[in-house]
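K.L.:
Structure below; questions to follow.
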Amino acid sequence: MPAIHSSLSFYMKPLFLSNSSLFPRKFTVPKEYLLNPRSLCALSSASNQNGGRSGARSLSPSPVSDDLQKIDVNPPKGTRDFPPEDMRLRNWLFHNFQEVSRLFGFEEVDFPVLESEALFIRKAGEEIRDQLYCFEDRGNRRVALRPELTPSLARLVIQKGKSVSLPLKWFAVGQCWRYERMTRGRRREHYQWNMDIIGVPAVTAEAELISSIITFFKRIGITASDVGFRISSRKVLQEVLRCHSIPEHLFGKVCIIIDKIEKLPLDVIKNDLKSAGMSEAAIEELLRVLSIKSLTELEGWF
Amino acid sequence: MPAIHSSLSFYMKPLFLSNSSLFPRKFTVPKEYLLNPRSLCALSSASNQNGGRSGARSLSPSPVSDDLQKIDVNPPKGTRDFPPEDMRLRNWLFHNFQEVSRLFGFEEVDFPVLESEALFIRKAGEEIRDQLYCFEDRGNRRVALRPELTPSLARLVIQKGKSVSLPLKWFAVGQCWRYERMTRGRRREHYQWNMDIIGVPAVTAEAELISSIITFFKRIGITASDVGFRISSRKVLQEVLRCHSIPEHLFGKVCIIIDKIEKLPLDVIKNDLKSAGMSEAAIEELLRVLSIKSLTELEEILGGAGEAVADLKLLFSLAEKFGYSDWIQFDASVVRGLAYYTGIVFECFDRDGKLRAICGGGRYDQLLSTFGGDDIPACGFGFGDAVILELLKEKGLLPPLNHQVENIVCALDHNLQGAASMVATTLRGKGQSVDLVLESKPLKWVFKRAARINAQRLILVGTTEWQKGMVGVKILSSGEQYEIKLDELE
């Protein structure tokens, strides 16, 4: 057999671990490794690990030349591989995203998946911030794998300055990341289709965006009986807070608290709002307004 | 002005820094910020920074509520944004990658850009390892942004095990990263097209791969007079080393040293080879063999019995049948810089000699066992997005790509905005792209926009016409104008 085989084996003798019950296949270490005198001592301890799940056993690479690597065939926790069948589905989905964007006259853009951490630091208590996948790069700069695409878009729009004519209609399909404790079994990455209209103050822009999503749904066979859009405006909360003379700087925080109304018990929400500086009266009114389900009623309230 | 504006401004008062001389635009801090009492102290020191380049001045965010962030409008060092014009070019390039892959019957795959660092640790002294973009994640795991796609591919092949039938013909287009000191002004990321054939031990696989690259070149207008392939085999060096009883474990290291033969002075190469354990005689013979430029001469030196010569002869004869002999040449000095190649290796170069390698690849029959799987013969190539575009630019072959929307729809009266939306929806339902004008704009503005988006038709929704259920259509290339019923509009 080719000479290279054992030379590579000297560099790296990985123990292969399959951490998932979906992969029953056992990987035996080829006999040549076991008989190689250089690696005999390292491998004899490893030979018990052939095939079985042995996550607990750890082999640190020795500082000199013998390397025993533990290679997991699975992608990193919370991430996905796309073998052909999954890739076909993804391409189909993305093609539909792009086709709808094209029908609406949008232009595609893209930005780096890695951005400066500063782009995502907003002290409003958002979940997106708690779960930011940030780290220090080799030059000690604080960077992050983007959790969303909008800040990058904003950065690019500013960068372009007066060289672009408004309105801009840009779309992107990019991978976004979050760091979440894996005990919850959730994904750490996903792809996100974004469409943004820059430079139009009127709600005709929002109407156009919603139209594009509905066009997408129709294309793939989803109807109004399958899904629906719930729509409101931050200005509603704003007006309530203003009526109660709540300082404007608390606005963002209040919104984030309110957003959790389905996930946290009502008294926790009320407490958080109190801590945020709202009076009991203001809280009561806010919660009442939030329960409104008709525009007529909303109009009557104001 | 909306209340939200100042509340958001309280959270984040970015100072926009433009670190590049390409961006002369100054960003002034809106007056509202300056008048906001809460932020006055923080901003007064910042106000001097309006617009000018002030990279040295640093404002740390205070721990409580006032946040002053220094936001650089440029992407991180060594990375690129893709504004629309660049994105069109990228999409064009990737489309060609995918189309050629399709013509050759390959299936697309993808893997995470982030992998465990262990996947890339090979102690052969490869440059790819020195420049690994690795870090510790929040859970203290050592991970890396992948420098190449092949190890992920190998990992996925092993994962699939017996559930896939060989041979596998897989391709991917993915972003790869390296960490390099920015003083060299080089990129830290690029996209790479990879095509790999898993499960075919014969050089027919390499011949097929090279054929696919040539098909790609032809598609985009590159000819055999623009580029060429230098081809050799790792088995050549193997045979020389074996003749001199050089231990097999030194093989990978020797290849990496030899790969730098164009970049380092010859005595440095010789010294490195000596340190790697080679005798002077072995080094001399190796260097002599590496200078061979004809298969005939190689056969004379190595003899006809070895695999190196046999593989290469077969490959060259297949190339002749494929019809691409004038694209390729034998060159014993080609080894390529990855430790895991075991057989045929090749690289594509520009004949004018101005650019770096356009693409490279080879056979890697023992990679899977290094990951703990059973060895399966494999070969593939990587083709980056940077050099090819430089080449196209040099040759004047960059395609003209403009943003094109078929229709621009405009309401002539703001009461007809809803009607305009209906028109837009109708056309889109028929597969026509539409840029809908979302605000009341003068016609002059609309025409300007129509020209910018290269619209074919301008659809005008006017009161009189709409009352009759009709819209005005203007063909922008000819100036022809007519009215038509909405349901007749194609």
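Chains as they are written, first to last, in my numbering: chain A, 1 to 302; chain B, 1001 to 1490. We put the beta carbon where it would ideally sit given N, CA and C, even for glycine.
1) Under DSSP, the beta strand (DSSP E) around B:His1095 begins and ends at which residues?
2) Contact defined as beta carbons within less than 8 Å: I believe B:Ala1118 pairs with B:Leu1132. What is the distance between those atoms, to the nearest angstrom?
3) What did DSSP end up calling B:Ser1477 once you bin it into helix, strand or coil?
4) Measuring only the C-alpha atoms, how far is B:Leu1318 from B:Val1236?
5) For a contact meaning CB atoms closer than 9 Å, what does A:Gly277 contact in chain B?
6) Let me see if you follow: with CB-CB separation under 9 Å, is A:Thr215 close to chain B or not?
7) Going along the chain, which residues of its own chain have a beta-carbon closer than 6 Å to the beta-carbon of B:Trp1193, five neighbours each way excluded?
8) Going by the C-beta, is A:Asn140 closer than 8 Å to any heavy atom of the ligand ADP?
9) If you measure between the beta carbons of B:Leu1156 and B:Val1109, is that distance less than 9 Å?
10) Quick one: list the residues of chain A neighbouring B:Gln1417, beta-carbon separation under 8 Å, in chain order.
11) When you compare the CB of B:Val1405 with every CB in chain A, is at least one pair closer than 9 Å?
12) At a Cβ cut of 8 Å, what residues of the region 1087-1102 of chain B count as close to chain A, listed as they run along the chain?
13) Taking only beta-carbon positions, decide if B:Thr1079 is within less than 9 Å of chain A.
14) Shortest alpha-carbon distance to B:Arg1122 belongs to which of B:His1249, B:Gly1462, B:Asp1226?
15) Give me, in chain order, the residues of the same chain whose beta-carbon lies closer than 7 Å to that of B:Ile1484; leave out the 5 immediate sequence neighbours on both sides.
16) Which residue marks the beginning of the beta strand (DSSP E) containing B:Phe1381, and which one marks its end?
17) Alpha carbon to alpha carbon, what distance is there between B:Leu1209 and B:Asp1196?
18) Tell me, please, whether the CB atom of A:Cys134 is closer than 9 Å to any CB atom in chain B?
19) For A:Tyr191, does the count of other Cβ atoms within 10 angstroms reach 16, so buried, or fall short, so exposed?
20) Let me check understanding here. Comparing Cα to Cα, which of B:Thr1464, B:Ala1411, B:Asp1130, B:Val1227 lies closest to B:Gly1353?
21) Can you tell me whether B:Lys1441 is helix, strand or coil according to DSSP?
22) If you compare alpha carbons, which of A:Arg88, A:Thr296, A:Ala282, A:Pro83 is closest to B:Pro1112?
23) Checking the sheet assignment: what are the DSSP bridge partners for A:Phe82?
24) Can you tell me where the beta strand (DSSP E) with B:Gln1329 in it begins and where it stops?
25) Interface residues of chain A around B:Pro1147 at Cβ under 8 Å?
26) Which residues of chain B have a Cβ atom closer than 9 Å to the Cβ of A:Asn74, listed in chain order?
27) How would you write the range of the beta strand (DSSP E) that B:Val1157 sits in, first residue to last?
28) Kindly indicate which three-state DSSP category A:Asp72 falls into: helix, strand or coil?
29) Between the region 1452-1460 of chain B and the region 220-232 of chain A, do at least 3 Cβ pairs fall closer than 8 Å?
30) If you measure from the beta carbon of B:Pro1037 to each beta carbon in chain A, is any gap under 9 Å?
31) Have a look at the DSSP bridge pairing and note the partners of A:His350.
32) Have a look at B:His1095 and B:Arg1102 and give me their C-alpha separation to the nearest angstrom.
33) DSSP three-state call for B:His1190: helix, strand or coil?
34) Are the C-beta atoms of A:Trp170 and some chain B residue less than 9 Å apart?
35) Counting only C-beta atoms, is A:Gln192 closer than 9 Å to chain B at any point?
36) Using the rule of at least 16 other Cβ atoms within 10 Å of the residue's Cβ for burial, across every protein chain shown, is B:Leu1266 buried or exposed?
P.N.:
For this structure:
1) Careful: B:His1095 lies outside any beta strand (DSSP E), inside the alpha helix (DSSP H) at 1084-1103.
2) Actually they are not in contact, since the Cβ atoms of B:Ala1118 and B:Leu1132 sit about 11 Å apart, beyond 8 Å.
3) Note: B:Ser1477 maps to coil in three-state DSSP.
4) Approximately 20 Å between the Cα atoms of the pair.
5) By Cβ distance, chain B contributes nothing, its closest Cβ being about 12 Å from A:Gly277, past 9 Å.
6) Interface residue, yes.
7) Closer than 6 Å at Cβ, skipping near neighbours: Phe1097, Val1173, Phe1383.
8) Ligands in the displayed structure: none, and consequently the ligand ADP is not present.
9) Closer than 9 Å, so yes.
10) For B:Gln1417, the C-beta contacts it makes with chain A under 8 Å involve Thr204, in order along the chain.
11) True, the Cβ-Cβ gap to chain A drops below 9 Å.
12) Correct list: Met1087, Arg1088, Arg1090, Asn1091.
13) For B:Thr1079, the closest Cβ of chain A is nearer than 9 Å.
14) The shortest Cα separation from B:Arg1122 among B:His1249, B:Gly1462, B:Asp1226 belongs to B:His1249.
15) Hits under 7 Å: Met1470, Val1471, Val1473.
16) Residues 1378-1384.
17) Cα-Cα distance, rounded: 8 Å.
18) Cβ-Cβ to chain B under 9 Å: yes for A:Cys134.
19) By the Cβ-count criterion, A:Tyr191 is exposed, with fewer than 16 other Cβ atoms from all chains shown falling within 10 Å of its own Cβ.
20) Here the closest residue by C-alpha is B:Val1227.
21) B:Lys1441: coil per DSSP, three-state reduction.
22) Closest in C-alpha terms to B:Pro1112, from the list A:Arg88, A:Thr296, A:Ala282, A:Pro83, comes A:Pro83.
23) B:Asp1110.
24) Looking at the DSSP string, the run of the beta strand (DSSP E) that includes B:Gln1329 is 1328-1330.
25) Here the premise fails: no neighbours, minimum Cβ distance about 13 Å.
26) Here the neighbours are Arg1155, Gln1159.
27) Going by DSSP, B:Val1157 is part of no beta strand (DSSP E) but of the alpha helix (DSSP H) stretching over 1150-1160.
28) In this structure, DSSP gives A:Asp72 an extended state, which the three-state scheme calls strand.
29) Taking 8 Å as the limit for Cβ pairs, the verdict is that the region 220-232 of chain A does not touch the region 1452-1460 of chain B.
30) In this prediction, B:Pro1037 scores a pLDDT of 34, lower than 50, which makes its location untrustworthy; the coordinate-derived value is nonetheless stated afterwards. Output row for B:Pro1037: interface = no.
31) As shown, chain A starts at 1 and ends at 302. That puts residue 350 of chain A outside it, with no answer to give.
32) So the two alpha carbons sit approximately 10 Å from each other.
33) Strand at B:His1190.
34) Yes, A:Trp170 lies at the interface with chain B (some Cβ there is under 9 Å from its Cβ).
35) Not a single CB atom of chain B sits nearer than 9 Å to the CB of A:Gln192.
36) Exposed.
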